[in-house]
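Read the structure below first, then the notes.
Protein chains: 2
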Amino acid sequence: MIYAIGEVSERIGLPISTIRYYHKNGLMPHVDRTAGGQRRFSDDDVEWLRYLERLRATGMPIAEMREFVELIDGGEETLERRRQIMRNRRSEVEAQLAELQTTLGIIAYKCWYYDRALELGDEQAARAIPPEEMPPEVRSARELCRFSW
Amino acid sequence: MIYAIGEVSERIGLPISTIRYYHKNGLMPHVDRTAGGQRRFSDDDVEWLRYLERLRATGMPIAEMREFVELIDGGEETLERRRQIMRNRRSEVEAQLAELQTTLGIIAYKCWYYDRALELGDEQAARAIPPEEMPPEVRSARELCRFSW
DNA sequence: CTTGAACCTAAACCTTACTTCAGGTCTATC
DNA sequence: GATAGACCTGAAGTAAGGTTTAGGTTCAAG
Chain A
4 MIYAIGEVSE RIGLPISTIR YYHKNGLMPH VDRTAGGQRR FSDDDVEWLR YLERLRATGM
64 PIAEMREFVE LIDGGEETLE RRRQIMRNRR SEVEAQLAEL QTTLGIIAYK CWYYDRALEL
124 GDEQAARAIP PEEMPPEVRS ARELCRFSW
Chain B
4 MIYAIGEVSE RIGLPISTIR YYHKNGLMPH VDRTAGGQRR FSDDDVEWLR YLERLRATGM
64 PIAEMREFVE LIDGGEETLE RRRQIMRNRR SEVEAQLAEL QTTLGIIAYK CWYYDRALEL
124 GDEQAARAIP PEEMPPEVRS ARELCRFSW
C-alpha cells in the first residue's frame, strides 16, 4: 500500500509536521514523491517510522538516528560502527530500565502512603504504620527514600 | 552534615548550575543560607535532590515537581492532589517500562544481527540465519521489527 | 587582615525537538 | 476544467531545561 502524509500521520499518531521534520532531517531517506512533489509512503516506510519512534522514546537523539540511517546506506564498511551505536543504545536502555524500576517502587510506596493517609484521615497516622504491615514491595521501596511526603 | 553547593554537586554528580536552577524554581524550598547569602545544604536536602533527579528521569516536568513541592507545604488539604500526581506518575512510568522493555528486545536483536554479520563477514549470510538458530529472546524480538539493518 | 577559591545574582544565551506561518501548488472529484 | 481539501517549502517561532556570562561578594586558610 501507498500512503499520503496525512494517512501516515493518522495511522501512527504522529503529527504531520513531525513526519516532515524527520524526513527533512534524513531519518527517512527513501520516501517516494509524486510527479508534483508530494510524499508517498510505502508500508516499509511506515514501519520504519514506528521504529524511529521507538528509538526516540529511548532518548536517542535525532542526530544519532541520522548517522545510523546514513550508515545503513554505507554498506558493509559501516557494520562495526552500527554495532557500536546499537550496543551503546542497549546499555543506555538497560540503565534506564534499572532506574525506572527502582523509581517505580518508590512511587508505589508514595501511592500506598497517600492511600493510607486518606483512609485514616491523617498523615501522622499513616507515617506511624510499622513496616510489618506494609506490602512487601512497598516495604523495600521505602528504604530507598526516607521522605513520607 | 552541612554542604556548600560545590560539595553537593560533587557528591551527586549534578552541575552547580542545575542545582541553583532547581532551587530558584522552587524545587528545594527549605535550603539554608549563610549570613552572607551562600546556600548550605543538609543531608536531607541532598537526599531530596536525589529524589528530584529520579522523578526528572521519569520525564516529570519541572512545573509539576514544583506544584508537588508546594503541595507538601500545604498540609493535609493537599493529600488528594498529591496522590493524584503520584498515581499519574505511576501510570506513566509503567507505560514507559513496557515500551522500553519491548524496545530493548528489538535492540538486542540488532546487536545479535551485527555480531553475526561481522562474524560471518557478510550481512546477507547473517540475514539468512533461520529463526531456529537464534536465541529465544532474539527470535521473539525479530517479529517486532522486520528490518535487518 | 589578606587573598584566592568558591560563591552569589540577573540576564542573556543555548540546544533540542518540534510547530506554526505565509504563500503557494497538487490532486481527486464533480 | 473548476475547486476544495490536502500537500509543499523555507523561515520564523516556541517550549523546556538548562548553561554561560559579567560583575560582584563571601569564606576559610595562612
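Chains as they are written, first to last, in the working numbering: chain A, 4 to 152; chain B, 4 to 152. Glycine included, each C-beta is placed from N, C-alpha and C at the ideal position.
Candidates the options, of which the one nearest residue i by Cα
i      : options                          : result
A:F150 : B:I65, B:V72, B:S151 and B:Y24   : B:V72
B:S20  : B:D35, B:M63 and B:R42           : B:R42
A:D125 : B:L107, B:Q104 and B:E83         : B:E83
A:P139 : A:R119, A:A111, A:V49 and A:A38  : A:A111
B:E67  : B:I22, B:R92 and B:W51           : B:R92
B:Y117 : A:R86, A:G40, A:R14 and A:R23    : A:R86
B:G108 : A:I109, A:L100 and A:W115        : A:L100
A:P32  : A:E135, A:W51, A:I15 and A:G40   : A:W51
A:G39  : A:H26, A:A7 and A:E13            : A:A7
A:L30  : A:I5, A:P64, A:E79 and A:R14     : A:P64
A:D35  : A:Y24, A:I5 and A:E136           : A:I5
A:Q104 : A:S143, A:R57, A:P18 and A:P133  : A:S143
A:A98  : B:V141, B:R23 and B:A60          : B:A60
B:A120 : B:R145, B:D47 and B:W152         : B:W152
A:M89  : A:C148, A:E136, A:K113 and A:L58 : A:L58
B:G78  : A:Q127, A:V11, A:R23 and A:M137  : A:Q127
B:K27  : B:T37, B:E146, B:T81 and B:R69   : B:R69
B:T106 : A:C114, A:S94, A:K113 and A:R145 : A:S94
B:G9   : B:F44, B:T37 and B:R145          : B:F44
B:D193 : B:E80, B:R14, B:R145 and B:W115  : Any answer about residue 193 of chain B is impossible in this case: the structure gives chain B only from 4 up to 152.
Coil, strand or helix - residue i by DSSP
i      : result
B:S45  : strand
B:R84  : helix
A:I36  : In the sequence under discussion, the amino acid at residue 36 of chain A is Arg, which differs from the Ile named in the question. In this structure, A:R36 counts as strand in the three-state DSSP scheme.
A:I15  : helix
A:I132 : coil
B:L55  : helix
A:P139 : helix
A:D76  : helix
A:F71  : helix
B:M31  : coil
B:R93  : helix
B:R23  : helix
B:E146 : coil
A:G62  : coil
A:W191 : Because chain A in this structure spans residues 4 to 152, residue 191 of chain A falls outside the shown range and cannot be described.
A:D125 : coil
Residue i at chain B interface by Cβ criterion, 9 Å
i      : result
A:K27  : no
A:E146 : no
A:M137 : no
A:E10  : no
A:M89  : yes
DSSP beta-bridge partners of residue i
i    : result
B:Y6 : B:F44
Any C-beta of chain A under 9 Å from that of residue i
i      : result
B:E140 : no
B:E97  : yes
B:R149 : yes
B:R86  : yes
B:R93  : yes
Query - Residues of the region 13-45 of chain B whose Cβ lies closer than 7 Å to any Cβ of chain A, in chain order - result: none
**Report entry** Residues within the region 66-84 of chain A neighbouring chain B, beta-carbon criterion of under 7 Å
**Finding:** I75, E79, L82 and E83
Report task. Please list the residues of the region 101-122 of chain A that have a C-beta atom closer than 8 Å to any C-beta atom in chain B, keeping them in chain order. Result -> Taking a C-beta cut-off of 8 Å against chain B, the contacting residues of the region 101-122 of chain A are E102, L103, Q104, T105, T106, L107, I109, I110, A111, K113, C114, Y117, D118, A120 and L121, listed in chain order.
**Report entry** Interfacial residues, the region 46-67 of chain B to chain A, with Cβ spacing under 9 Å
**Finding:** D47, E50, W51, R53, Y54, R57, L58, A60 and T61
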